[in-house]
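Student:
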Amino acid sequence: MGSKLFDLPYQLAYYKAYHMDEQNIQIHLFCIPIILFTAILLLAHLPMPIISISWLIAVSFSTYYIYLDLIAGLIASPFLIITAIASDNILTIKPVLAIHLLAWAAQFYGHFNFEGKSPAIFDNLIQPLVLAPYFVVWEILFMYGYKPDLETEMNAQAIKKRKSL
174 MGSKLFDLPY
184 QLAYYKAYHM
194 DEQNIQIHLF
204 CIPIILFTAI
214 LLLAHLPMPI
224 ISISWLIAVS
234 FSTYYIYLDL
244 IAGLIASPFL
254 IITAIASDNI
264 LTIKPVLAIH
274 LLAWAAQFYG
284 HFNFEGKSPA
294 IFDNLIQPLV
304 LAPYFVVWEI
314 LFMYGYKPDL
324 ETEMNAQAIK
334 KRKSL
């Protein structure tokens, strides 16, 4: 079996398996963009020799998302680029850190209260961090009827995966 890294239905289903409750999904639709934005702002303060971590995240996530699906990737990329630009101009991190931690707390609340399960990040650190912002884009695209066959496939795979959690 080959790598699932570039298998869009698999990646979405893996993440969806941890996000089946509508209330938890709504929390994530609100909090994930905040977490991504504040994380990039916070990471921008780490000294890097050539390129800032903010730009590294923006470019690498955008490239990966576009590779998985051109339209969804092009929708996600401007947010990432704008966040990287904003990160170059942040002077204080205390309020950013507070907002970041509150958004994480809301997500944990959603998982434990509505899903009754721990978040995906407890089982796989990297995949949820990379895919969560893209999952938000896909949830919104699915609401507008984009690629309904992919949504059906994702949900079917997610239900199977959920049983093994």
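Quick note: the sequence shown uses my numbering, first residue 174, plus one each step.
Backbone N, C-alpha and C fix where the C-beta goes; we use that ideal spot for every residue, glycine too.
(1) Here's a check: name, in chain order, each residue in its chain whose Cβ is nearer than 7 angstroms to the Cβ of Leu185, leaving out the five neighbours to either side.
(2) Quick one: using the 10 Å Cβ neighbour count with 16 as the cut-off for buried, is Tyr282 buried or exposed?
(3) Does the region 192-209 come close enough to the region 274-293 that 3 or more CB-CB pairs lie under 8 angstroms?
(4) Looking at the unbroken alpha helix (DSSP H) that takes in Met316, where does it start and where does it end?
(5) Can you check whether the CB of Ala245 is closer than 8 angstroms to the CB of Ala314?
(6) Could you say which of Tyr183, Tyr317, Pro206 lies nearest to Ala249 if we only look at CA atoms?
Tutor: Let me lay it out:
(1) Residue numbering aside, residue 185 sits at position 12 when the sequence shown is read from its first letter. Within the same chain, Leu185 has close Cβ partners Phe308, Trp311, Met327.
(2) Translated into positions along the sequence shown, residue 282 becomes position 109. A residue is called buried once 16 or more other Cβ atoms fall within 10 Å of its Cβ, and Tyr282, having fewer, is exposed.
(3) As far as the Cβ criterion goes, the region 274-293 touches the region 192-209, which means the pair count is three or higher.
(4) In the sequence shown, the residue the question calls residue 316 occupies position 143. 299-316 is the extent of the alpha helix (DSSP H) around Met316.
(5) Against the sequence shown, residue 314 aligns to sequence position 141. Against the sequence shown, residue 245 aligns to sequence position 72. Before going further, note that residue 314 is Leu rather than Ala in the sequence given. In contact: Leu314 and Ala245 (Cβ atoms closer than 8 angstroms).
(6) Sequence index remark: in the sequence shown, residue 249 carries index 76 (1-based). Checked all of Tyr183, Tyr317, Pro206; the closest Cα to Ala249 is Pro206.
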